[in-house]
Amino acid sequence: MIGGGEEATAPAAEGSQPLDWKFAQVFGERTAGEEVQEVDIISAIEFDRTGDHLATGDRGGRVVLFERTDTRDHGGQRRELERMDYSNGRHPEFRYKTEFQSHEPEFDYLKSLEIEEKINKIRWCQAANGALFLLSTNDKTIKFWKVQEKKVKKVCDLNMDLSRAMGNGPVVSSSISASSKSCMANGGCDERSSGYSSIDTSLPSGGLSSLRLPMVTSHETSLVARCRRIYAHAHDYHINSISNNSDGETFISADDLRVNLWNLEISNQSFNIVDVKPANMEDLTEVITSAEFHPTHCNTLAYSSSRGSIRLIDMRQSALCDTHSKLFEEPEVPGTRSFFTEIIASISDIKFAKDGRHILSRDYMTLKLWDINMDRGPVATFQVHEYLRPKLCDLYENDSIFDKFECCLSGDGQRVATGSYSNLFRVFGCSEGSTEATTLEASKNPMRRQVQTPTRPSKSLSTLPRVLRRGADTSGVDANGNAFDFTTKLLHLAWHPTENSIACAASNSLYMYYA
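What the sequence shown shows, in the working numbering, is residues 19 to 533, in sequence order.
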């Protein structure tokens, strides 16, 4: 990964060669002409730490879990492989595991405000005792879920056919039911009031040859999702981010003006650690757009703003982090300011690299890679859809300019990815000397709309020296001459933590690719 901000002039390393992406799976594929329901549109995607589980959330408040199948042997045990080899045609395979209703639509009567059930973010927590744990949030409420297999227990090996002995009445367990206890307390009940048929306890003719001890057996298992805790009433504005801490005990939630710190075990109390709300709201110049904990340092977090800046916070400095330890922003190029400058500079998503050294940010037009040890500017800038710049006025009119695209990094930090319009997403190489800038379509033929990209990194377009800008494409059509469709957008995607595998959402469909 580029770490010192120098131009990529060295020969491309073996790991920087463009990847050959292939289609792996699709869940919820639409048929031609099928109308998509609003509640089915995917609004969040997240791999767990191992990459063996994938969670998606939708606008209907549901969370769907998928489970990896190709990393398990015939006995169901996980095969410990650092990296799967897909050169022989095998590819990662996931299967549907379970789903549950995480959030329901609500109404805030004090503010006369409807709170929609749409899932904004999902974050996996540390698994324990064979159970999966995750956080999910809508605009106002965060929930902590436990998903675990429960064995269905059944009493068998009875001395007689209990259902036949009872006639057609329901089977009564050997323990005394609550209704039976109440009948006893009231001096007894007849058959009609007790709700159960009387049991014929007479022995069959000839008696029983032997007495057997009834046994409790587990025949099958079922997945049960249970809400362990609800973290509510801590945000006046819409929650845009949640992030787990590396200590495994705390997490943060962020809205437009505040970042709160929670303990997973305490749902009725949170600590406000960042507050950008001015005394007079007319003085408000920027809002918080995304927040993320450092992957290894439990005292460090970063949050981005609508003015294109990223602030690094050290929670050891003070209880309320009014001041930042570092500020990352790109100076404005003189003479380039326009009506849309501030709008397209707003950062929609930030992600720490696995090493904790780099931060990836996505604004409307570009991906930027920052080195936390170098705050003078980004070490690399990737043009996502430069062909849209002449169309900013139209995109402002139809509100598309406010779309919030997510970004992600590969586990080894060698590549970054983000979405665009026409259900396209782009993968860039960020290792020194790499010229990789691949355009893929969320379909069964991902390379169908391959866009030609420069074979060599271009010189810096800003006043900052030694900054890499790549992937610029000024055409308004793809390689086949098809016009780009601004109504279909790929906002959400996630990169597998250890392998070159990407999951992305195109409307209600979940596509998976591998390289």
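Just so it is clear, CB atoms sit at the ideal spot from N, CA and C, and this is done for glycine as well.
Requested in this report: May I ask you to report which of helix, strand or coil DSSP gives Glu-267?
Outcome: In the sequence shown, the residue the question calls residue 267 occupies position 249. Three-state DSSP puts Glu-267 in coil, outside helix and strand.
Query raised in the report: Under 7 Å, do Gln-242 and Asp-274 count as touching if we go by C-beta distance?
Result: Within the sequence shown, residue 242 is the residue found at index 224, counting from 1. Within the sequence shown, residue 274 is the residue found at index 256, counting from 1. Going by the sequence as given, residue 242 is Val instead of Gln. Result no, Cβ atoms of Val-242 and Asp-274 do not sit closer than 7 Å.
Requested in this report: Measure the alpha-carbon distance for Ile-365 versus Asn-286 and round it to whole angstroms.
Outcome: Numbered from its first residue, the sequence shown carries residue 365 at position 347. Numbered from its first residue, the sequence shown carries residue 286 at position 268. Each residue's Cα considered, the two are about 31 Å apart.
Query raised in the report: Going by other Cβ atoms of all chains shown within 10 Å of its Cβ, with 16 needed for buried, is Thr-49 buried or exposed?
Result: Position 31 of the sequence shown, counted from the first residue, corresponds to residue 49. If you draw a 10 Å sphere on the C-beta of Thr-49, you find fewer than 16 other C-beta atoms in it, and that means exposed.
Report task. Check Leu-302 in the structure and name its three-state DSSP category. Result -> As a position in the sequence shown, residue 302 is number 284, starting the count at 1. The answer is coil: DSSP assigns Leu-302 none of H, G, I, E or B.
**Report entry** Helix, strand or coil at Lys-172 [DSSP, three-state]
**Finding:** Translated into positions along the sequence shown, residue 172 becomes position 154. Strand, per DSSP.
Query - C-beta atoms of Tyr-529 and Ala-460 nearer than 7 Å - result: Here residue 529 refers to the residue found at position 511 when the sequence shown is read from its first residue. Here residue 460 refers to the residue found at position 442 when the sequence shown is read from its first residue. For Tyr-529 and Ala-460, yes; Cβs fall inside 7 Å.
Requested in this report: Under 8 Å Cβ to Cβ from Ile-328, same chain only, skipping five residues before and after it: list those, please.
Outcome: Your numbering for residue 328 matches position 310 in the sequence shown. Around Ile-328: Ala-320, Tyr-321, Ser-322, Leu-345, Phe-346, Glu-347, Ile-365, Ile-368, Ile-377, Ser-379 and Trp-388.
Query - Closest by C-alpha distance to Lys-115, when choosing among Ala-73, Pro-352 and Val-402 - result: Walking along the sequence shown from the start, residue 115 turns up at place 97. Closest by alpha carbon: Ala-73.
Query raised in the report: Considering only C-alpha positions, which residue in the set Lys-40, Asp-66, Arg-80 and Phe-65 is nearest to Glu-56?
Result: What you label residue 56 is simply residue 38 of the sequence shown in a count that begins at 1. For Glu-56, the nearest C-alpha among the options comes from Arg-80.
Query raised in the report: Quick one, are the C-beta atoms of Asp-175 and Pro-123 less than 7 Å apart?
Result: Position 157 of the sequence shown, counted from the first residue, corresponds to residue 175. Position 105 of the sequence shown, counted from the first residue, corresponds to residue 123. Not a contact, by the Cβ cut-off of 7 Å.
Report task. Quick one: residues in its chain with C-beta nearer than 6 Å to the C-beta of Arg-325, no 5 flanking neighbours on either side, listed in chain order? Result -> Along the sequence shown, one-based indexing puts residue 325 at 307. Cβ within range, chain order: Glu-304.
Query raised in the report: Are the beta-carbon atoms belonging to Ser-271 and Ile-291 less than 7 Å from one another?
Result: Position 253 of the sequence shown, counting from 1, holds the residue named residue 271. Position 273 of the sequence shown, counting from 1, holds the residue named residue 291. For Ser-271 and Ile-291, no; Cβs fall outside 7 Å.
Query raised in the report: Looking only at C-alpha atoms, which of Asp-430, Asp-58, Phe-504 and Phe-357 sits nearest to Tyr-405?
Result: The residue you call residue 405 lines up with position 387 of the sequence shown. Residue Phe-504 is the option with its Cα nearest to Tyr-405.
Requested in this report: Measure the beta-carbon distance from Asp-38 to Ser-61 and round it to whole angstroms, keeping in mind my assumption that it falls under 8 Å.
Outcome: The sequence position of residue 38 within the sequence shown is 20, counting from 1. The sequence position of residue 61 within the sequence shown is 43, counting from 1. Incorrect: roughly 30 Å between the Cβ atoms, too far for contact.
Query - Euclidean distance between Cα positions of Ser-438 and Phe-423 - result: On the sequence shown, residue 438 is found 420 positions in, with the first residue counted as 1. On the sequence shown, residue 423 is found 405 positions in, with the first residue counted as 1. Their Cα atoms are separated by approximately 7 Å.
Query raised in the report: Under 7 Å, do Ser-519 and Pro-110 count as touching if we go by C-beta distance?
Result: Position 501 of the sequence shown, counted from the first residue, corresponds to residue 519. Position 92 of the sequence shown, counted from the first residue, corresponds to residue 110. Cβ atoms of Ser-519 and Pro-110: closer than 7 Å.
**Report entry** Cβ shell of Phe-289 (< 7 Å), same chain only, five flanking positions each side left out
**Finding:** If you number the sequence shown from 1, residue 289 lands on position 271. Result list for Phe-289: Asn-278 and Leu-279, in chain order.
Query - Three-way DSSP call (helix, strand, coil) for Glu-238 in this model - result: Sequence index remark: in the sequence shown, residue 238 carries index 220 (1-based). Residue state, collapsed to three classes: strand.
**Report entry** Residue burial classification, Lys-171 (beta-carbon count within 10 angstroms, cutoff 16)
**Finding:** The sequence position of residue 171 within the sequence shown is 153, counting from 1. Taking all protein chains in view, the Cβ of Lys-171 is surrounded by fewer than 16 other Cβ atoms within 10 Å, so the residue is classified as exposed.
Query raised in the report: Thinking just about the alpha-carbon of each residue, which of His-342, Ile-260, Asn-391 and Phe-443 is nearest to the one in Thr-384?
Result: By one-based count along the sequence shown, residue 384 stands at place 366. Comparing alpha-carbon positions, the option among His-342, Ile-260, Asn-391 and Phe-443 lying closest to Thr-384 turns out to be Phe-443.
Query raised in the report: For the candidate residues Lys-386, Phe-311, Gly-266 and Gly-451, whose alpha-carbon lies nearest to that of Ala-146?
Result: Locating residue 146 in the sequence shown gives position 128, counting from the first residue. Nearest in C-alpha terms to Ala-146, of all of Lys-386, Phe-311, Gly-266 and Gly-451, is Gly-266.
Query raised in the report: In angstroms, rounded to a whole number, what distance separates the CA positions of Leu-508 and Arg-247?
Result: Taking the sequence shown and counting its residues from 1, the one referred to as residue 508 is at position 490. Taking the sequence shown and counting its residues from 1, the one referred to as residue 247 is at position 229. Each residue's Cα considered, the two are about 32 Å apart.
Query - Those runs of the alpha helix (DSSP H) which lie wholly inside the region 323-351 and span at least 4 residues - result: Qualifying alpha helix (DSSP H) stretches: none in this window.
Requested in this report: Only counting runs of 3 or more residues, tell me where the beta strand (DSSP E) segments fall wholly within the region 103-148, in order along the chain.
Outcome: Fully enclosed beta strand (DSSP E) runs of 3 or longer: 112-119, 124-126, 131-133 and 139-142.
Query raised in the report: Which residue or residues does DSSP assign as beta-bridge partners of Gln-43?
Result: The residue you call residue 43 lines up with position 25 of the sequence shown. The partner list for Gln-43 (beta bridge, DSSP) reads Met-530.
Query raised in the report: According to the neighbour-count rule (16 or more other Cβ atoms, all chains shown, within 10 Å of its Cβ), is Leu-131 buried or exposed?
Result: As a first step, residue 131 must be located in the sequence shown, where it is residue number 113. Flag for Leu-131 reads exposed.
Query raised in the report: From this set, Phe-65, Phe-151, Met-392 and Asp-58, which residue's C-alpha is nearest Gly-429's C-alpha?
Result: Along the sequence shown, read from residue 1 onward, the residue named residue 429 stands at position 411. Comparing Cα-Cα distances from Gly-429 to each of Phe-65, Phe-151, Met-392 and Asp-58, the minimum goes to Phe-65.
Query raised in the report: Looking at the structure shown, is Phe-420 part of a helix, part of a strand, or coil, going by DSSP?
Result: Position 402 of the sequence shown, counted from the start, is the residue given in the question as residue 420. DSSP places Phe-420 in the helix class (H, G or I) of the three-state scheme.
Query raised in the report: Using the rule of at least 16 other Cβ atoms within 10 Å of the residue's Cβ for burial, across every protein chain shown, is Asn-463 buried or exposed?
Result: What you label residue 463 is simply residue 445 of the sequence shown in a count that begins at 1. An exposed status is given to Asn-463, since fewer than 16 other beta-carbon atoms sit within 10 Å of its beta-carbon.
Query raised in the report: Between Phe-358 and the rest of its own chain, which residues show a CB-CB distance below 6 Å, the 5 nearest in sequence each way excluded?
Result: Within the sequence shown, numbered from 1, the residue matching residue 358 stands at position 340. Within its own chain, the residues whose Cβ lies closer than 6 Å to the Cβ of Phe-358, once the five positions on either side in sequence are excluded, are Leu-410, listed in chain order.
Query - Cα-Cα separation between His-253 and Pro-36, rounded to whole angstroms - result: Residue numbering aside, residue 253 sits at position 235 when the sequence shown is read from its first letter. Residue numbering aside, residue 36 sits at position 18 when the sequence shown is read from its first letter. If you take the alpha carbons of His-253 and Pro-36, they lie about 43 Å apart.
Query raised in the report: Within 10 angstroms of its Cβ, does Ile-160 collect 16 or more other Cβ (buried), or is it exposed?
Result: Walking along the sequence shown from the start, residue 160 turns up at place 142. Looking at its Cβ environment, which holds 16 or more other Cβ atoms inside 10 Å, Ile-160 is buried.
Query - Asp-58 in three-state terms, based on DSSP - result: The residue you call residue 58 lines up with position 40 of the sequence shown. The answer is helix: DSSP assigns Asp-58 an H, G or I state.
**Report entry** Straight-line gap, Thr-314 to His-237 (C-alpha atoms, nearest Å)
**Finding:** For the purposes of this step, residue 314 is taken as the residue at position 296 of the sequence shown. For the purposes of this step, residue 237 is taken as the residue at position 219 of the sequence shown. Roughly 43 Å separates the two Cα atoms.
Report task. For the beta strand (DSSP E) containing Ile-284, list its first residue and its last residue. Result -> Taking the first residue of the sequence shown as 1, we reach residue 284 at position 266. Run containing Ile-284: 284-293, per the beta strand (DSSP E) assignment.
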